[in-house]
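This report concerns only the one structure given below.
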Amino acid sequence: MVSLLKMPETLLQRTPRQSTNAAPEEANDTAMIEMRDVDFAYGDNQVLFEVDLTIPARAITAFIGPSGCGKTTLLRCINRMNDLIDGARITQGTILIDNIDINAPSVDVVDLRRRVGMVFQKSNPFPKSIYDNIAYGLRIAGVTKRSRIDEAVEKSLRASALWDEVKDRLETNAFGLSGGQQQRLCIARALAVEPEIVLMDEPCSALDPIATAKIEELIYQLRTQYTIVIVTHNMQQAGRVSDHTAFFYLGRLIEFGPTTKIFTNPSERRTEDYITGRFG
Amino acid sequence: MNADAQNQKRVRAIERIVFWSFRLATYFILACATYVFLDIGIKGGRTVFMRTAPFINLKFLTTGPQTLYVFDYDGKKMELSDREFRAWKTTHNEDVDVTTISYSAGGIWPCIVGTALLVVGSMTLALFIGISSAIYLSEYSRNGPFIRLVRVAILNLAGVPSIVFGLFGFGLFVIFFGWNVSLLAGWFTLGLMVLPSIITASEESLRAVPQGLREGSLALGATKWQTIRKNVLPYALPGILTSSILGIARVAGETAPIMFTAAYAMRDEMPWHVSRWTDFFFQGVMALPYHIYVVSSKIPQNEYTERVQYGAAFVFLVVVLLIALTSIILRERTRSRLSW
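If you read the sequences in order, they're chains A and P. With the first letter of the first sequence counted as 1, position 167 gets the number 152 in this note's numbering; the numbers rise by one all the way through. Count along the second sequence from 1, add 116, and you get the number used in this note's numbering.
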């Protein structure tokens, strides 16, 4: 548990919570996202069953599992992106972020999404300049001061390791960037609004190995400041970047624990089968 | 073997027949279009263009229609407009045997102005209502019985004949609202007429904007309206403009909806000759298609009326072409900044 050693001091001041599902050595961790018995359905088609999971703060949690196991759906529940889909809803259970039920009527979904950033599977830069892409989130939040936006653009581009590559062409269209750069731009865009949680939905699935390595390195560096949840198909990726791993199969959470344990000594037979490549 | 070869032959023959019938059908369209444009271009060109400087018949383009006086005088054939004839009369006292032909002297300037006003007003109205409802349908509404009903209503509206729109506009705007024959009544009638096609096309262009742009924006904490305004609508506009080009051609060309609601057969004042600015909206105007209709069907036909008919038709085509060209340029400007 390297991440625990590197945790900033502010975190220790938070109220420690006993998490029910986590491995014993992280008992003192602060729970950022808690899912309690979550059932989810698209219309009549139930895709998640009784998912009970506590995602620790300032660490990287990976969701793995075969296609169609519900990991992306669960990820999109955390910033309520599923609200956009007709008939999609949580049928049972609650999701809490910092002890607040995010589906409660009093919760403002716009506010939630500002706190919970997202990076999508297919990089989706806006057809604007690089600068305007990063500034977008700040501008819609009402920031108009040019100096503050300039500062945020540079800061988030540096944080996503893109600054040196694009600093001379901030005003050019973001579509001129390579696939890997576009995805890092999307990460920078998400970071610019200073979220607490960053959700990543297979961020490297469309990228070549070199671009993937860059993004993985970036994700690894970000975890000291953000709670990161990453969905991935790539087993090695989960092993390389994550602190915790959750394995899903057919809409159920099969196993959750420290990545080292899941990959070396899983307690469930199905986890072992999947990780060793016997199915999936 | 033999039967096989024969079959092959037959199949090839059918192929050739099918190919040629499709090809001829296509050529037939081309032939029709060429004939129409050449006919109007040549005959209308004689009215609009001149052999001597300034080569364009400015009088035809910049003055209003007048009655033509034709008579023989001093062994010469005189063709004078209303005003010219009265001026001529002051210096010549003898009686002449005059034939008068309505609308065949002067020009069509008030009609050009009237059509432009009708197009601009009704397209503004139709684009505003059309884009608003398209945004509602594609971005906000969830599929249900009510929305299905709305869609059926839009489809049916698209199938209503234009004369029915004309009568509807006459009943509602002219009589019930008491707007009389006016620009405003014409705008609303024409606007309603093109609304269905604008809604349908706008909705399609909105749906063509990748979902990723919406999600990316919403995930940054944008509200729905912020997302639409900054990240959906700008990219859908080129498509919406394309569809409005067709709407413009239709609005400019329809005669039936305006003949009861907005068009005068003859009016001497220009639309800006109003005493109060509010009167501007409540005045009838002359319009090109209605003028063509009047000179082609309401007065006896002869060589003089033909000049006006073809001249007006020619100018009308050019006006529609110019408006369409403007929106195409506008569209290309917006589009060149986008690509995905």
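All C-beta atoms in this analysis are idealised placements derived from N, C-alpha and C, irrespective of residue type, glycine included.
For this session: In angstroms with no decimal places, state the Cα-to-Cα distance between P/Ser218 and P/Arg258.
Result: Numbered from 1 along the second sequence, position 102 holds the residue referred to as residue 218 of chain P. Numbered from 1 along the second sequence, position 142 holds the residue referred to as residue 258 of chain P. Near 58 Å, if we compare the C-alpha coordinates of P/Arg258 and P/Ser218.
Exercise. Between the C-alpha atoms of P/Asn387 and P/Asn296, what's the straight-line distance to the nearest angstrom?
Worked result: The residue given as residue 387 of chain P occupies position 271 in the second sequence. The residue given as residue 296 of chain P occupies position 180 in the second sequence. Note that residue 387 of chain P is Pro in the sequence shown here, rather than Asn. Approximately 15 Å, taken between the alpha carbons.
Problem set entry | Delimiting residues of the beta strand (DSSP E) encompassing A/Arg43 | Position 58 of the first sequence holds residue 43 of chain A. Segment: none, A/Arg43 is in no beta strand (DSSP E) and carries neither H nor E.
For this session: Anything in chain P within Cβ reach of A/Pro90, meaning under 8 Å, just list it in chain order.
Result: Working through the first sequence from its first residue, we reach residue 90 of chain A at position 105. None at all; the shortest Cβ gap to chain P is about 17 Å.
Exercise. Does A/Ile125 have its Cβ less than 8 Å from a Cβ in chain P?
Worked result: Counting from 1 along the first sequence, the entry for residue 125 of chain A is found at position 140. With 8 Å as the cut-off, A/Ile125 counts as an interface residue toward chain P.
Problem set entry | Buried versus exposed call for A/Phe232 [16 or more other C-beta atoms within 10 Å across all chains shown] | The residue given as residue 232 of chain A occupies position 247 in the first sequence. It counts as buried.
Exercise. By how many angstroms is the C-alpha of P/Ile133 removed from the C-alpha of P/Thr183?
Worked result: Stepping through the second sequence from its first residue, residue 183 of chain P is reached at position 67. Stepping through the second sequence from its first residue, residue 133 of chain P is reached at position 17. Answer to the nearest angstrom: the Cα atoms are 56 Å apart.
Exercise. Going straight from the alpha carbon of A/Val92 to that of A/Asn84, what length do you get?
Worked result: Against the first sequence, residue 92 of chain A aligns to sequence position 107. Against the first sequence, residue 84 of chain A aligns to sequence position 99. Whole-angstrom Cα-Cα distance: 12 Å.
Exercise. Which runs of the beta strand (DSSP E), 3 residues or longer, sit entirely within the region 62 to 111 of chain A?
Worked result: 73 to 82, 101 to 104
For this session: Say whether chain A places a C-beta atom closer than 8 Å to the C-beta of P/Ala265.
Result: Walking along the second sequence from the start, residue 265 of chain P turns up at place 149. The sequence as given places Leu at residue 265 of chain P; Ala does not occur at that position. Chain A, which has no Cβ nearer than 8 Å to the Cβ of P/Leu265, makes this no.
Problem set entry | Cβ pair count under 8 Å reaching 3, the region 69 to 80 of chain A against the region 147 to 165 of chain A | no
For this session: Tell me whether A/Ser227 sits in a helix, a strand or coil according to DSSP, three-state version.
Result: Reading the first sequence from its first residue, position 242 is the one you call residue 227 of chain A. Reduced to three states, the DSSP call for A/Ser227 is coil.
For this session: Indicate the three-state DSSP secondary structure (helix, strand or coil) for P/Pro312 in the structure shown.
Result: Residue numbering aside, residue 312 of chain P sits at position 196 when the second sequence is read from its first letter. The answer is helix: DSSP assigns P/Pro312 an H, G or I state.
For this session: Could you name each continuous alpha helix (DSSP H) segment of 4 residues or more that falls completely within the region 391 to 445 of chain P, going from the start of the chain to the end?
Result: 404 to 413
Exercise. In this structure, does DSSP put A/Ile260 in helix, strand or coil?
Worked result: Within the first sequence, residue 260 of chain A is the residue found at index 275, counting from 1. Correct three-state label for A/Ile260: helix.
Exercise. Which chain A residues are close to P/Thr450, counting only those with a beta carbon under 9 Å from its beta carbon?
Worked result: For the purposes of this step, residue 450 of chain P is taken as residue 334 along the second sequence, with counting starting at 1. None at all; the shortest Cβ gap to chain A is about 11 Å.
Exercise. Do three or more CB pairs link the region 103 to 110 of chain A to the region 342 to 356 of chain P at distances below 8 Å?
Worked result: no
Exercise. Shorter than 8 Å from the beta carbon of A/Pro194 to some beta carbon of chain P?
Worked result: Stepping through the first sequence from its first residue, residue 194 of chain A is reached at position 209. So no, A/Pro194 is outside the interface.
For this session: May I ask you to list, following chain order, the residues of the region 109 to 125 of chain A that have a beta carbon less than 7 Å from some beta carbon of chain P?
Result: Asn109, Phe111, Pro112, Tyr121, Gly122, Ile125
Problem set entry | CB of A/Arg65 within 8 Å of CB of A/Leu97, strictly | Position 80 of the first sequence, counted from the first residue, corresponds to residue 65 of chain A. Position 112 of the first sequence, counted from the first residue, corresponds to residue 97 of chain A. Their beta carbons are under 8 Å apart, which means A/Arg65 touches A/Leu97 by this criterion.
Problem set entry | Proximal residues of chain P, C-beta to C-beta of A/Asp71 below 7 Å | Residue 71 of chain A sits at position 86 when you count from the first residue of the first sequence. Those are Arg258, Asn259, listed as they occur along chain P.
Exercise. Closer than 8 Å, CB to CB, is P/Glu255 near chain A or not?
Worked result: Against the second sequence, residue 255 of chain P aligns to sequence position 139. No - not a single Cβ of chain A is within 8 Å of the one on P/Glu255.
Problem set entry | Straight-line Cα distance separating A/Ile82 from A/Pro1 | Stepping through the first sequence from its first residue, residue 1 of chain A is reached at position 16. Stepping through the first sequence from its first residue, residue 82 of chain A is reached at position 97. The pLDDT assigned to A/Pro1 is 37, lower than 50, so where the model puts this residue is not dependable; a value taken from the coordinates is nonetheless given after this. Near 14 Å, if we compare the C-alpha coordinates of A/Ile82 and A/Pro1.
For this session: Determine the burial state of P/Lys193: buried for a count of at least 16 other Cβ atoms within 10 Å of its Cβ, exposed for fewer.
Result: The count along the second sequence starts at 1 and reaches residue 193 of chain P at position 77. With fewer than 16 Cβ atoms within 10 Å of its Cβ, P/Lys193 is classed as exposed.
For this session: Pick out the complete alpha helix (DSSP H) segments inside the region 325 to 362 of chain P, 4 residues or longer, and give them in chain order.
Result: 327 to 335, 340 to 343
Problem set entry | Sufficient close CB pairs (3 or more, under 8 Å) joining the region 398 to 406 of chain P to the region 192 to 211 of chain P | no
Exercise. Using a Cβ-Cβ distance under 8 Å, would A/Lys140 count as near chain P?
Worked result: Indexing the first sequence from 1 puts residue 140 of chain A at position 155. No, because no Cβ of chain P sits closer than 8 Å to the Cβ of A/Lys140.
For this session: Please confirm if P/Glu319 has its CB atom under 8 Å from at least one CB of chain A.
Result: Here the question's residue 319 of chain P lines up with position 203 in the second sequence. So no, P/Glu319 is outside the interface.
Problem set entry | With 16 other Cβ atoms within 10 Å as the buried cut-off, status of P/Val127 | Taking the first residue of the second sequence as position 1, residue 127 of chain P is located at position 11. It is exposed - the Cβ of P/Val127 has fewer than 16 other Cβ atoms within 10 Å.
For this session: Ignore the nearest five residues each way along the sequence and tell me which others in A/Gly53's own chain have a CB closer than 6 Å to its CB.
Result: In the first sequence, residue 53 of chain A corresponds to position 68, counting from 1. Closer than 6 Å at the Cβ level, and outside the excluded window around A/Gly53, lies no residue.
Exercise. Are any of the Cβ atoms in chain A nearer than 8 Å to that of P/Glu331?
Worked result: By 1-based counting over the second sequence, the position of residue 331 of chain P is 215. Closer than 8 Å to some Cβ of chain A, the Cβ of P/Glu331 qualifies, so yes.
For this session: Taking A/Phe105 as the query, report the chain P residues whose CB atoms sit under 9 Å from its CB, ordered along the chain.
Result: Here residue 105 of chain A corresponds to residue number 120 of the first sequence, with the count starting at 1. Residues of chain P passing the Cβ test: Gly328, Glu331, Gly332, Ala335.
For this session: Measuring only between beta-carbons, confirm whether A/Leu147 sits less than 8 Å from chain P.
Result: Working through the first sequence from its first residue, we reach residue 147 of chain A at position 162. No, A/Leu147 does not count as interfacial toward chain P.
For this session: Could I get the ranges of all uninterrupted beta strand (DSSP E) runs contained in the region 238 to 263 of chain P, with 3 residues as the minimum, in chain order?
Result: none
Problem set entry | Span of the alpha helix (DSSP H) around A/Ile247 | Translated into the one-based positions of the first sequence, residue 247 of chain A becomes position 262. Start and end: 244 to 249.
Exercise. According to DSSP, is P/Asn209 helix, strand or coil?
Worked result: As a first step, residue 209 of chain P is located in the second sequence; it is residue number 93 there, counting from the start. In the structure shown, P/Asn209 sits in coil (DSSP, three-state: anything other than H, G, I, E or B).
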